[in-house]
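Notes for the one structure printed next.
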Amino acid sequence: MAQRWYAASEARYLSTTDEQPLVEAREDFLDFKRYGDLKECALKHPKLRVKGGLNDAGFSKTRGFVVKFNLEGVDKFKASPDYECFASVFDELRLPDANAFVMNILLCELGDYDAYNAEELSVGLHLDTTVGIYSRHMFIAHQVSVLYNSVPNDMVGGELELFPYGDGYPDTGAAPEKKIRPKENMLVNFRGDAFHQVRSYKTRSGSERVSLVLEQYVIDDDAYGKTMRFFEAFKSNMTMM
Numbered sequence: 001m002a003q004r005w006y007a008a009s010e011a012r013y014l015s016t017t018d019e020q021p022l023v024e025a026r027e028d029f030l031d032f033k034r035y036g037d038l039k040e041c042a043l044k045h046p047k048l049r050v051k052g053g054l055n056d057a058g059f060s061k062t063r064g065f066v067v068k069f070n071l072e073g074v075d076k077f078k079a080s081p082d083y084e085c086f087a088s089v090f091d092e093l094r095l096p097d098a099n100a101f102v103m104n105i106l107l108c109e110l111g112d113y114d115a116y117n118a119e120e121l122s123v124g125l126h127l128d129t130t131v132g133i134y135s136r137h138m139f140i141a142h143q144v145s146v147l148y149n150s151v152p153n154d155m156v157g158g159e160l161e162l163f164p165y166g167d168g169y170p171d172t173g174a175a176p177e178k179k180i181r182p183k184e185n186m187l188v189n190f191r192g193d194a195f196h197q198v199r200s201y202k203t204r205s206g207s208e209r210v211s212l213v214l215e216q217y218v219i220d221d222d223a224y225g226k227t228m229r230f231f232e233a234f235k236s237n238m239t240m241m
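Per UniProt numbering, the sequence shown runs over residues 1 to 241.
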């Protein structure tokens, strides 16, 4: 069934290039201390476990918070006591040409171990198009980075699955082009126009699966003036990964 972000009548703006790989993964991205500090900040963050109904059923098994900002809002983001522990990672991941950003700390909720179904999803198939912009058109991310802060050692499932953009109407029954099994301190960069989803998972340890997601956008000059300088929200009133 076609979902609402696939509507043919909605204009889409893509900035990805043929040279960009579908996905690249890098283990042990941060040194031991930086990773430990980031993990502690993410897991203890007071905004992480906000619970509420999302607008889209595909995201109903997640919690977390979202910050959207453009170039003029970068300094406010980095100086905020709520987000300063993520500032150095943002600087490291930031692309030179990106001018609008969405940072999301995402917790995929853990279901009942015995009721686990490998065919279920924690995050439904989608494109990242949540840039803060006052426009009825769809602006697709240029690149998305996922840094895994916490991954249960005994996790079963939980893979990130990726599909090429193709003609913009993915075959929901097709096998993913790439499948990434998360590891703590792994960085995954993928094309902003890659459709992606996250499998449900189970673990007896009760440990949480938490990741930092940075969407980066390259917005043209005509539309950049409509981007949000700085906006923050909980997942309970956002529709995004």
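Note that CB positions come from ideal geometry on N, CA and C, so glycine has one too.
Quick caveat: nothing in here was measured; it's all calculated off a predicted structure.
Using the DSSP secondary-structure output, state which residues sit across from residue i in a beta bridge.
i	result
G64	L106
F69	F101, F230
M138	R12
May I ask you to report which of helix, strand or coil DSSP gives residue i?
i	result
S88	helix
K76	helix
Y224	helix
L162	strand
L93	helix
H196	strand
R181	coil
E120	coil
L214	strand
Y148	strand
L127	coil
N153	coil
I133	strand
R204	coil
P170	coil
A57	In this prediction, A57 has a pLDDT of 47, which is less than 50 and means its spatial position is unreliable; nothing more can be read from the coordinates.
Under 8 Å by Cβ, that's how I've got residue i and residue j pegged, so tell me the actual separation to the nearest angstrom.
i	j	result
G158	R204	With a Cβ gap of about 14 Å, G158 and R204 do not count as contacting.
I140	L127	6 Å
I133	A223	7 Å
V213	L106	6 Å
I219	A100	5 Å
V198	C108	6 Å
V144	E215	5 Å
F77	F230	7 Å
Y217	V131	5 Å
D221	L14	With 8 Å as the limit, D221 and L14 do not qualify as a contact, their Cβ atoms being about 16 Å apart.
A42	M186	With 8 Å as the limit, A42 and M186 do not qualify as a contact, their Cβ atoms being about 14 Å apart.
R49	R63	5 Å
S207	P152	4 Å
S200	Y148	S200 to Y148, Cβ: 16 Å. No contact.
H142	T227	Going by Cβ atoms, the distance from H142 to T227 rounds to 14 Å, so no, they are not a contact pair.
Report the start-end ranges of each beta strand (DSSP E) in the stretch 21-50 that is 3 residues or longer and not cut off at the edges. Within the stretch 21-50, the complete beta strand (DSSP E) runs of at least 3 residues are 23-26.
Give a yes or no on contact between the stretch 98-116 and the stretch 162-169, applying the rule of three or more CB pairs nearer than 8 Å.
These segments do not touch.
Item to complete: Specify whether the stretch 166-186 and the stretch 68-86 touch according to this definition: at least 3 beta carbon pairs, one from each stretch, less than 8 Å apart.
Response: The stretch 166-186 vs the stretch 68-86: no contact.
- For the stretch 170-187 against the stretch 62-76, are there 3 or more C-beta pairs whose distance is under 8 Å? Contact fails: fewer than three Cβ-Cβ distances are below 8 Å.
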